[in-house]
Amino acid sequence: MGLGGVLSFANLAAGQVVVIDINGKIRMLNPGEQALPGELVIQLPQQLPQAAADDILAQQVSPDGQIIDVSEQITEIISAIEQGQDPTQVDPELAPAAGGLEGSSLGLSGSVARDALETIAQTQFITQGGTPLILSRTQSQGFEDFILRTVSTDSIAPVDPLEPTDPVEEVSNTPIALDDPIGFSLTQGNMSEGTTVNVGWDDVTLSSQFNGLAAEVGILDDGRVGVTNGAPAQGPSEQLQYDRESGQSEKLSITFPHPVTEGRFAVTNLYTNEGKGAENHEVGTWIAYLNGVAVTSGVIDASNRGSKAFVDIETGGFAFDEVVFQANEYGNGLVGDTENDSSDFYIAGIEVSSATTYATNQNEELRISISEVLANDSDIDGDTLSITLVNVDASIGQVRIEGNEIVFVPNGNHSGPTQLEYQITDGNGGFANANINVIVNPAPTDALVEGVFLRNAQGGEQEGIEVSESETFIYTTVLNKPTLGLTFYDFFFSGTAGSGDVTFGQDYSALVFTNGVTVREDPDNPGSYQFVVPDGVKEFDTYVTTVLDGVDESVEALILTVGSESDTGDTVDASATGTILNNTAPEIKENAFAYELVQGDVTLDGTGHSRPNFESESKWQDVTLNAQFGGQSSNANIEDGTGLVGIDDGANTAGPAGQIQYDRETGMSETLSIKLGSPATSGTFTISRLFENEGAGLNNHEAGTWVAYLNGVAVASGSFDGEGLGRGNRGTFEIDTDGYAFDEIVFSATEYSQGIQGDHMNDSSDYYLAGIEVKAEDSFNIVRGTTLRISTALLLENVSDREGDQLRIGDISVPYEAGKVKIVDGYIEFYSRTSYKGETTITFEVVDEHGAISVGEIPVNLAGAPSEAVIASMALSPSYVDGDDDFPITVSLDKVALETMQYDFKLSQLDGGAELPIDAMADLSFTNGVNVIGDNPMVIEVPVGVGEFELYIDGDKVAVDGGINIAIGEASLHRIPSDAEATKYDDVVIGTDAGDILNGSEGNDILIGSLGDDVLTGGKGEDIFKWLEFDTNMAHEDTVTDFEIGKDKLDISDLIAHDDTMESILSNIVVENGAQMNINFSDGSTQSLNIALDNSNGQFDSITQGSVAGDNLKNLVDTMFVNLPE
1 MGLGGVLSFA NLAAGQVVVI DINGKIRMLN PGEQALPGEL VIQLPQQLPQ
51 AAADDILAQQ VSPDGQIIDV SEQITEIISA IEQGQDPTQV DPELAPAAGG
101 LEGSSLGLSG SVARDALETI AQTQFITQGG TPLILSRTQS QGFEDFILRT
151 VSTDSIAPVD PLEPTDPVEE VSNTPIALDD PIGFSLTQGN MSEGTTVNVG
201 WDDVTLSSQF NGLAAEVGIL DDGRVGVTNG APAQGPSEQL QYDRESGQSE
251 KLSITFPHPV TEGRFAVTNL YTNEGKGAEN HEVGTWIAYL NGVAVTSGVI
301 DASNRGSKAF VDIETGGFAF DEVVFQANEY GNGLVGDTEN DSSDFYIAGI
351 EVSSATTYAT NQNEELRISI SEVLANDSDI DGDTLSITLV NVDASIGQVR
401 IEGNEIVFVP NGNHSGPTQL EYQITDGNGG FANANINVIV NPAPTDALVE
451 GVFLRNAQGG EQEGIEVSES ETFIYTTVLN KPTLGLTFYD FFFSGTAGSG
501 DVTFGQDYSA LVFTNGVTVR EDPDNPGSYQ FVVPDGVKEF DTYVTTVLDG
551 VDESVEALIL TVGSESDTGD TVDASATGTI LNNTAPEIKE NAFAYELVQG
601 DVTLDGTGHS RPNFESESKW QDVTLNAQFG GQSSNANIED GTGLVGIDDG
651 ANTAGPAGQI QYDRETGMSE TLSIKLGSPA TSGTFTISRL FENEGAGLNN
701 HEAGTWVAYL NGVAVASGSF DGEGLGRGNR GTFEIDTDGY AFDEIVFSAT
751 EYSQGIQGDH MNDSSDYYLA GIEVKAEDSF NIVRGTTLRI STALLLENVS
801 DREGDQLRIG DISVPYEAGK VKIVDGYIEF YSRTSYKGET TITFEVVDEH
851 GAISVGEIPV NLAGAPSEAV IASMALSPSY VDGDDDFPIT VSLDKVALET
901 MQYDFKLSQL DGGAELPIDA MADLSFTNGV NVIGDNPMVI EVPVGVGEFE
951 LYIDGDKVAV DGGINIAIGE ASLHRIPSDA EATKYDDVVI GTDAGDILNG
1001 SEGNDILIGS LGDDVLTGGK GEDIFKWLEF DTNMAHEDTV TDFEIGKDKL
1051 DISDLIAHDD TMESILSNIV VENGAQMNIN FSDGSTQSLN IALDNSNGQF
1101 DSITQGSVAG DNLKNLVDTM FVNLPE
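Position one of the sequence shown corresponds to residue 1 (the UniProt record's numbering), numbered consecutively onward.
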């Protein structure tokens, strides 16, 4: 019969809960009240019909607070009662055990008082169901009384929960002992993978330090942990960072409240490919400790983009209560990085757990509180429990009870999972046994050398590394795990390389390391040395610099061997071999500054059109082209297919577009600048489309000028024209600077070589630059006080290196008295002093990538500035005919002007010297941009790049009786009428339309015959007898007297056609000897000129009569004519 079958519910309220406590007291459970461990709970259903009586639920609260269904066991007890049995004797064999001590280590007893809330005193009332029912003696009797009273009265008497039942003599129950300790787990920070779930860090202890000094722990809002106020911040602040300068890392410690055996942590901001070189990642390490003793260690690898990564704490099942994190140098080392920033990261979270075990280290005492051990043991009778003894196998260690603690001392060679057996008693004859689980961590073992290798320039591992002298070997020592503490490794160098081939320094003090490694002398083996490696280092680099010894020798080997000793005493070592290549100094060619450069096309093909040697526009790539007109920038254009260089968008186009042209309207020329990369000392240039006889009149060619500069200072100039170039054929002209160095040439066009000659069109000289060829050789002449800039790239082009090393310019110097020198933007700049004159030398070093040095020299001569251009001559233009509106004068400078020049201008009478009034605007005009500035005195200004110009004076101003003097600067020209006497100066005596008598005087005069039959008489100077043109309808016969062979000359250059050869000209000359020598010149048609030279002194007798040819031709040309073609 079940419980429901024996209970009468007359006095039981539906839904009531009856409780029988361990003392046999019966009460009703009040709403919200919790049953205590060991109490028997009978719960009545809401409805109590007889048919539902079997639904009554009987439960018991276990010692650990669990609710156990004991309805079946209660039914067994009721059945026994019905059969007249004593329910306390249901199973006599289950009586509590006593004694049974085993083992070789016994401990003193210890006890702890208990109460009903913590323990359940054991009973004899035990059932055999699936879940045992354990009742105390008083509880059993209370339950039996409750059943008997209910059965006999068919009701339950009202129970006052505050009144205990009558005491009943108890029978002691056996206590319950459970194994220790219970498990433990903990999560801190944010260990979620996809979301932010930060549980904080309140249940662990966080601390940090740097270089032995305390630092501050920084916790971000999202729970990530770093270090602040530790190392000088190099990367993002508050991270845990490695300090490259000191070789130390900030350290972050996380300490747990209990030892644990497994776990993992999360890390962020540890980046891949953060360092220089290939696959050079940030790196961290961790070390796990128990009671301050290192257990094991591991590496923290970087993740892509520094994303969150999880790292297992692998300890092999051994226990730890602290993890220390630190950063290391990048995985592949520095790779030439000079910044201090290196690996840094955050700890985002950590989770740890342990099995049911205590933990200690080998050779380390473990103390366990007795109260902690008894905390999960129980006694159903509420008796005070005590530990009577503790025991452990003698091969494992010793254990004892000392005061309120169990003390376990493992043997020195023991490690691993361990059990301590202990016994408890309730003091009433009840005993129970259980185990205390302990993990004994083995003694830590040093990290062993796993390998040594050499790194290449990208930081990667490579066998057979070769370096040249002065370069550095990078030996990387790899350990099998991060060091657990300060660790020492033996090392030595061997091989064919000697101490003079590498830089070790005394006691290896010159060696450089990463990750805080240093070196010391082995205290146990003087003369031997060891690497001193801090804790948390998995690998480190050793930098060994080789020596540039200047000795030509064979290759040498340098071997680094690093050794360690295992816990069994075996030597574990590894080595790597590097090869030192011999390095020789660079070889500098003589005159390293010398070079030749060709740009464009400098070939001459005679046509001015075909350019077979020009490949592409890129042939001008080694110079800089710039164009200007009127002070404004224009476009320097390289013509496709030909490479001809001209100017677009400059002057208004008067001739063919795109050439360098002179603009007659403004009197200015477009200018083309060719800027060289380094100074030259001489050269040539080639012109195309510069025409011969393009202007009006005879021998009037297109023309141009050039000016050479050095660093903006003009040093030389020249002019050229189209004579001999026909219809624009190509011509080459020399750049003669008299030795002065130049780095720029500016080209201009000018008015036609013989002036305007009545041409009223705006078109004048224009041409293309086809090519240029320059060279530098021997030495540089520069103007004192100017700057010489020499390309370092040019110097290095003239240096060779046997090993093919990269080269650079090292130190440079020059004698102080000559100036100073420095390198600016790839150029050696020599700033010369104005006070120094003469030769000096710039000295420069060429250094290869290994430090080998050779010395070169650049000879320089500091000279005075080139002389200014002066007016060399003034001559009547050949187109002049007496009576023209303007009197044209060709003014020639001794050189093309290097800078804008100014010359005084004066027009005065020969007779008395009175200055003649003149209006510059109305009476004067010029070519080639020359103009007048000022009134008193009147000044003529000549632009840069002009070597000759035409001056046109109103004809009325020069038609003065007695002649006039025209003075420009120091030069002058006398306009002498045909009826006036020449002066003692250089005069121009011009005939009129009629027959004139022209007389020279003391100066070097020019007597110009005109259209009449004239008599020209020379003077004492070197005179020229000149004819300007033929009359188209008559022949002329002029008489020349006072002509002296070898001093005076005949000039018929303006009478000949531009394409006449010397042979064709003289073939029309017939010589007749006698009292006078007649030279008859014909143009080959109807016009002729007969020049009669007085031969009274017989100076012409040796000249053969007849047509001029052969030796007679040469003699005649050399002695009598001027300005004939070659």
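The C-beta atom is built at its ideal place from N, Cα and C for all residues, glycine as well. Note that the coordinates shown come from a computational prediction; the quantities given were computed from them, not determined experimentally.
When the Cα atoms are used, what is the spatial distance from residue i to residue j?
| i | j | result |
| --- | --- | --- |
| residue 1170 | I588 | There is simply no residue 1170 to check, as the chain begins at 1 and stops at 1126 in what is shown. |
| L649 | S634 | Checking the sequence, you will find Asp at residue 649 rather than Leu. Approximately 6 Å between the Cα atoms of the pair. |
| V90 | V438 | Below a pLDDT of 50, predicted positions are generally treated as unreliable, and V90, at 45, falls in that range; the measurement from the model is reported next regardless. If you take the alpha carbons of V90 and V438, they lie about 39 Å apart. |
| S678 | Y767 | 26 Å |
| S925 | N931 | 8 Å |
| R264 | G284 | 15 Å |
| A971 | A714 | 24 Å |
| G194 | L240 | 23 Å |
| E1037 | D919 | 40 Å |
| P417 | L57 | 44 Å |
| V41 | G24 | 12 Å |
| T205 | D446 | 27 Å |
| S237 | S509 | 33 Å |
| D778 | S765 | 37 Å |
| S669 | A863 | 31 Å |
| A696 | S753 | 10 Å |
| S877 | L951 | 9 Å |
| E1022 | S1096 | 20 Å |
| D312 | E262 | 8 Å |
| I871 | G667 | 20 Å |
| H385 | F431 | One detail in the question is off: residue 385 reads as Leu in this sequence, not His. For L385 and F431, the distance between alpha carbons rounds to 9 Å. |
| S470 | T546 | 5 Å |
| M874 | T684 | 30 Å |
Measure from the alpha carbon of residue i to the alpha carbon of each residue in the options, then state which is nearest.
| i | options | result |
| --- | --- | --- |
| G962 | A914, N928, G459 and I1006 | A914 |
| V939 | M921, D956, G945 and D954 | M921 |
| F531 | A288, A497 and F493 | F493 |
| F1121 | S1096, I1091, G1098 and N1097 | I1091 |
| D801 | L788, E839, S753 and G851 | G851 |
| G189 | D221, D179 and P181 | D221 |
| E556 | Q462, T542, V512 and V467 | V467 |
| V544 | I660, T579, F143 and Y752 | T579 |
| Q1099 | T1119, S378 and S1082 | T1119 |
| V537 | L548, D954 and G516 | G516 |
| A457 | I474, E469 and P444 | I474 |
| G711 | I78, S470, W201 and L676 | It is worth fixing the name first, because residue 711 is Asn in this sequence and not Gly. The residue with the shortest Cα to Cα distance from N711 is L676. |
| I1045 | L1089, L1093 and W1027 | L1093 |
| F742 | A703, T681 and E702 | T681 |
| I599 | P586, W620, A309 and Q909 | One detail in the question is off: residue 599 reads as Gln in this sequence, not Ile. Checking every option, the nearest Cα to that of Q599 belongs to W620. |
I believe residue i touches residue j by the beta-carbon criterion, under 8 Å. Please report the beta-carbon distance rounded to the nearest angstrom.
| i | j | result |
| --- | --- | --- |
| V707 | L898 | 6 Å |
| G277 | V217 | That belief does not hold up - the Cβ atoms of G277 and V217 are roughly 33 Å apart, past 8 Å. |
| G1018 | D1048 | 5 Å |
| P866 | Y740 | 7 Å |
Please indicate yes or no: does the CB of residue i lie closer than 8 Å to some heavy atom of the ligand NAD?
| i | result |
| --- | --- |
| V870 | Here there are no bound small molecules, and the ligand NAD is not part of this structure. |
Exercise. Where are the alpha helix (DSSP H) runs, 4 residues long or more, that stay fully inside the region 356 to 433, in chain order?
Worked result: Given a length threshold of 4 residues, each whole run of the alpha helix (DSSP H) inside the region 356 to 433 is given here in chain order: 370 to 374.
Exercise. Counting Cβ pairs closer than 8 Å, one from the region 779 to 797 and one from the region 826 to 835, do we hit at least three?
Worked result: Because the criterion of three Cβ pairs below 8 Å is met, the region 779 to 797 and the region 826 to 835 touch.
Exercise. Fully enclosed by the region 921 to 990, which alpha helix (DSSP H) runs are 4 residues long or longer?
Worked result: 955 to 958
Exercise. Can at least three beta-carbon pairs, one atom from the region 736 to 754 and one from the region 818 to 826, be found at a separation below 8 Å?
Worked result: Segments in contact, no.
For this session: Indicate whether the contact test is met: 3 or more Cβ pairs, each with one atom in the region 396 to 407 and one in the region 450 to 470, closer than 8 Å.
Result: These segments do not touch.
Problem set entry | Ordered list of alpha helix (DSSP H) runs contained in the UniProt domain "Cadherin-like" (781 to 855), each at least 4 residues | 792 to 797
Exercise. What residue ranges within the region 666 to 709 form continuous beta strand (DSSP E) runs of no fewer than 3 residues, ordered along the chain?
Worked result: 671 to 680 and 682 to 688
For this session: List in chain order: all unbroken beta strand (DSSP E) runs of 3+ residues lying wholly within the region 499 to 583.
Result: 518 to 521, 529 to 533, 539 to 546, 556 to 565 and 571 to 581
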